[in-house]
Amino acid sequence: MTTKQKINFDEINVNGILYVRKDGINIIENNILDGLKFSIIRTYSAGVFAGYPKNINEKTGTVIKAIRIYYWDGACSLSQLAVEGTKKPENCKFAIEVPEIYLSEIIEIIPCTKMSFESITGVKPWEI
Numbered sequence: 002m003t004t005k006q007k008i009n010f011d012e013i014n015v016n017g018i019l020y021v022r023k024d025g026i027n028i029i030e031n032n033i034l035d036g037l038k039f040s041i042i043r044t045y046s047a048g049v050f051a052g053y054p055k056n057i058n059e060k061t062g063t064v065i066k067a068i069r070i071y072y073w074d075g076a077c078s079l080s081q082l083a084v085e086g087t088k089k090p091e092n093c094k095f096a097i098e099v100p101e102i103y104l105s106e107i108i109e110i111i112p113c114t115k116m117s118f119e120s121i122t123g124v125k126p127w128e129i
């Protein structure tokens with residue numbers, strides 16, 4: 002008896018390791034995604050987000066791969082968080098990443114360093 006197996010030309014499994022075509026993924030290199038720089042975005046009423054700001058027009062815009070920063074510890078300000086990241090990731094409450102969010106009333110965008118990018122994206126998502 003023969004079984005049919007679905008063939009996927011975008012990925013291959015070799016000895017239990019899944020390999021994906023390079024042109025099939027967005028490559029994040031030095032905290033830049035498709036020319037967008039990973040940043041901390043503060044709004045007037047929706048809170049603070051980390052992600053890739055896109056199409057910012059005056060006080061509105063879209064954030065790609067957005068992480069809501071509900072609570073942070075281990076940095077005294079958003080400026081320190083953007084430069085050094087958090088020194089206490091276990092105490093932070095960062096929501097799960099959403100693919101895209103539209104924000105209004107943007108009042109501050111702080112580009113992040115690579116160190117901060119690695120720190121923020123390394124925090125375990127806060128979930129219930």
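So in our numbering, spot 94 of the sequence shown is number 95, and the numbers just go up one at a time.
By construction, the Cβ of each residue, glycine as well, lies at the ideal position given by its N, Cα and C atoms.
Neighbour-count burial assignment, residue i, 16 or more Cβ in a 10 Å radius
{"i": "residue 58", "result": "exposed"}
{"i": "residue 53", "result": "buried"}
{"i": "residue 49", "result": "buried"}
{"i": "residue 15", "result": "exposed"}
Alpha helix (DSSP H) segment containing residue i, residue limits
{"i": "residue 122", "result": "115-123"}
Proximity to residue i [Cα-Cα], best of the options
{"i": "residue 127", "options": "18, 71, 41, 14", "result": "71"}
{"i": "residue 66", "options": "13, 20, 32", "result": "32"}
{"i": "residue 43", "options": "64, 98, 35, 115", "result": "64"}
{"i": "residue 147", "options": "90, 13, 47", "result": "Outside the shown range of the chain (2 to 129) lies residue 147, about which nothing can therefore be said."}
{"i": "residue 101", "options": "73, 69, 18, 13", "result": "69"}
Delimiting residues of the beta strand (DSSP E) encompassing residue i
{"i": "residue 12", "result": "12-15"}
Cβ distance (whole Å) where residue i is taken to contact residue j below 8 Å
{"i": "residue 79", "j": "residue 111", "result": "6 Å"}
{"i": "residue 166", "j": "residue 41", "result": "Outside the displayed span of the chain (2 to 129) sits residue 166, for which this structure offers no information."}
{"i": "residue 116", "j": "residue 86", "result": "6 Å"}
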